[in-house]
Amino acid sequence: MDPAFDAADDEHIRREKSKARELRQSAWWKNQLGRGQCYYCRARVHPRELTMDHIVPVVRGGRSTRGNVVTCCKACNSQKKYLLPSEWAAYLERLSRASGSAPAPAPAPRHGGSGEA
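Numbering (our numbering), first residue to last: 767 to 883.
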């Protein structure tokens, strides 16, 4: 992890990981998986290949709520890691400039910027 930011405390991380496990069992999450699409790259992906990503990562103080978790392909999740949305967008912009291609479309904004549902 980048030492340039303060990580959330261990208790917060433990609590939110537990909430994420519960959320994965919910009908709401199963419905999200059933859509079969990565929130970030918009790729069509088999539901078994999708992961749960926290838009604001738990280690950065994010919460495991409907407003802060999205379905994400494994490639995007492993690249995004603990980045905030603005940092992820900047990363994609740098990639597109380096490759000379257009940047990937930005995902639609989510309601409840704090991640609360």
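Cβ coordinates follow ideal geometry from the N, Cα and C atoms, glycine included. What you are looking at is a predicted structure, and each value in this text was computed from that prediction instead of being measured.
Taken through DSSP and simplified to helix, strand or coil, aspartate 819 comes out as strand. Within the DSSP bridge table, the entry for arginine 810 names Gln803 as partners. Taking a contact as a CB-CB distance under 8 Å, the pair tyrosine 805 and threonine 831 does not count as one, their CB atoms being some 15 Å apart. Leucine 799 and alanine 786 have their alpha carbons spaced roughly 14 Å apart. Taking a C-beta distance under 9 Å as the contact criterion, alanine 856 and cysteine 807 do not qualify as a contact pair. Taking the Cα positions, leucine 850 is about 14 Å away from serine 844. Excluding its 5 nearest sequence neighbours in each direction, proline 813 has C-beta neighbours in its own chain below 7 Å: Leu799, Gly800 and Gly802, listed in chain order.
In this structure glycine 827 is not in contact with asparagine 834, their Cβ atoms being roughly 10 Å apart against a cut-off of 8 Å. By the neighbour-count definition (other C-beta atoms within 10 Å, threshold 16), lysine 783 is an exposed residue. Take the alpha-carbon of glutamate 859 and the one of lysine 846: they are about 13 Å apart. In this chain, the alpha helix (DSSP H) harbouring lysine 840 covers 840 to 846.
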